[in-house]
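Undergrad:
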Amino acid sequence: MIVFDKVTKVFPGDFVALENINLTIDTGSFVSLVGPSGAGKSTLLKMIYAEEEPTEGEVIFFNRPISSIKRRLLPYFRRNIGMVFQDFKLLPQKTVFENVSYALEVYGKSDEEINEEVPKILDIVGLLDKMEKYPAQLSGGEQQKTSLARALIHRPKVIIADEPTGNLDPTSKWDIVQLLLKINDFGTTVILASHDKNIVDKIDKRVIGMQDGKIVRDTKHGKYTE
Ligand code: ADP
Numbered sequence: 006m007i008v009f010d011k012v013t014k015v016f017p018g019d020f021v022a023l024e025n026i027n028l029t030i031d032t033g034s035f036v037s038l039v040g041p042s043g044a045g046k047s048t049l050l051k052m053i054y055a056e057e058e059p060t061e062g063e064v065i066f067f068n069r070p071i072s073s074i075k076r077r078l079l080p081y082f083r084r085n086i087g088m089v090f091q092d093f094k095l096l097p098q099k100t101v102f103e104n105v106s107y108a109l110e111v112y113g114k115s116d117e118e119i120n121e122e123v124p125k126i127l128d129i130v131g132l133l134d135k136m137e138k139y140p141a142q143l144s145g146g147e148q149q150k151t152s153l154a155r156a157l158i159h160r161p162k163v164i165i166a167d168e169p170t171g172n173l174d175p176t177s178k179w180d181i182v183q184l185l186l187k188i189n190d191f192g193t194t195v196i197l198a199s200h201d202k203n204i205v206d207k208i209d210k211r212v213i214g215m216q217d218g219k220i221v222r223d224t225k226h227g228k229y230t231e
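Rendered as structure tokens:
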């Protein structure tokens, strides 16, 4: 469970990006965050990843206040969370396999573990046959599947997807959403920030609407606009 307890974020210049956010995201749930640019969605997501700290209030991740985690332990904490972005953030000089295995190498995993684990994850996203390709040789959808595989490699408790379909054609968009739903069915909590009305409407899960740093609606089987 992720809990935002009276969270406010004020950026320098007295700019209030989040104002008194109270929110509980249940373990294993799927949540879509919607709202106009500047509403505070990315700031909220970054707080879960411990990339931004609240000015007031507390974010609690599976019973643990994130502010209590020592700085040097943040990389370990972050393995609980897989991140996917609009712009994929793949390493262009590495193959699909290497883009995914890299995340394990930096934690000192053995070649044996890597050779076992990476194909398993690539199979989940349907990229086993593209393992040796470089990002430039892939479609946008395949690149996003690669970054999703990288996000999954530590078997995270939570996947945070910030506009993951923003750069994709309609078919690839839906492929990515299907994968997020499949990952959610495995029990992983998924938090999706999206501007895509068609997608949010089709997902038919909890929708949280944000505006001017506040939660303005929270609907169980929500649509992009109510
Ligand atoms: P969204 O993801 O909904 O578009 P953001 O969380 O990115 O919204 O931004 C919320 C507001 O906070 C925006 O007005 C943005 O300009 C401001 N903001 C975000 N990050 C910073 C920062 N590091 N410094 C100052 N202002 C910021």
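Under the numbering used here, the first residue of the sequence shown is numbered 6, with each subsequent residue one higher.
Ideal placement from N, C-alpha and C gives every residue a C-beta, glycine not left out.
(1) Less than 8 angstroms between the C-beta atoms of residue 197 and residue 151, yes or no?
(2) May I ask which residues mark the beginning and end of the beta strand (DSSP E) holding residue 155?
(3) Closer than 7 angstroms: is that where the CB of residue 47 sits relative to any heavy atom of ligand 1?
(4) Report the option in 168, 183, 32 and 138 whose CA atom is closest to the CA atom of residue 66.
(5) Is residue 156 near ligand 1, with its Cβ less than 7 angstroms from a heavy atom?
(6) Any heavy atom of ligand 1 within a distance shorter than 7 angstroms of the CB on residue 22?
(7) In whole angstroms, give me the CA-to-CA distance for residue 140 and residue 100.
(8) Exposed or buried, what is residue 35 when buried is set at 16 or more other beta-carbons lying within 10 Å of its beta-carbon?
(9) Which first and last residues belong to the alpha helix (DSSP H) in which residue 165 is found?
(10) Three-state secondary structure (DSSP) at residue 91?
(11) Keeping to the same chain, check which residues put their C-beta closer than 8 angstroms to that of residue 143; ignore five residues upstream and five downstream.
(12) Please list, in chain order, all residues of the same chain as residue 216 whose beta carbon is under 7 angstroms from its beta carbon, the five residues on each side excluded.
(13) Closer than 7 angstroms: is that where the CB of residue 55 sits relative to any heavy atom of ligand 1?
(14) For ligand 1, I want to know if residue 152 counts as a neighbour, meaning its beta carbon is within less than 7 angstroms of at least one of the ligand's heavy atoms.
(15) In whole angstroms, what is the alpha-carbon distance linking residue 218 and residue 21?
(16) Please report the distance separating the alpha-carbon of residue 10 from that of residue 145.
(17) Mind listing, in chain order, the continuous beta strand (DSSP E) runs of no fewer than 3 residues lying wholly within the stretch 194-221?
(18) In whole angstroms, what separates the C-alpha of residue 53 from that of residue 88?
TA: Straight from the coordinates:
(1) No; because the gap between Cβ atoms is not below 8 angstroms, this pair is not in contact.
(2) For residue 155, no beta strand (DSSP E) segment is defined; the enclosing uninterrupted segment is the alpha helix (DSSP H) at 145-157.
(3) Taking non-hydrogen atoms of ligand 1 into account, the C-beta of residue 47 is found less than 7 angstroms away from one of them.
(4) Residue 66 has its Cα closest to that of 32, out of 168, 183, 32 and 138.
(5) Every heavy atom of ligand 1 is 7 angstroms or more from the Cβ of residue 156, so no.
(6) True, at least one ligand heavy atom lies under 7 angstroms from that Cβ.
(7) When rounded, the distance between both Cα atoms is 7 angstroms.
(8) Classification for residue 35: buried.
(9) Here residue 165 belongs to no alpha helix (DSSP H); instead the beta strand (DSSP E) covers 163-167.
(10) DSSP, reduced to helix, strand and coil, places residue 91 outside both helices and strands of the structure shown, so it counts as coil.
(11) Only 101, 135 and 151 meet the Cβ criterion.
(12) Non-local C-beta neighbours of residue 216 in its own chain, meaning closer than 7 angstroms and more than five positions away in sequence, comprise 40, 41 and 44, ordered along the chain.
(13) No; taking the cut-off as 7 angstroms, the Cβ of residue 55 has no heavy atom of ligand 1 nearer than that.
(14) Outside the cutoff, so no.
(15) Computed Cα separation, rounded: 7 angstroms.
(16) Taking the straight line from one Cα to the other gives about 37 angstroms.
(17) For the stretch 194-221, whole beta strand (DSSP E) runs of length 3 or above, ordered along the chain, are 194-198 and 211-216.
(18) Answer to the nearest angstrom: the Cα atoms are 11 angstroms apart.
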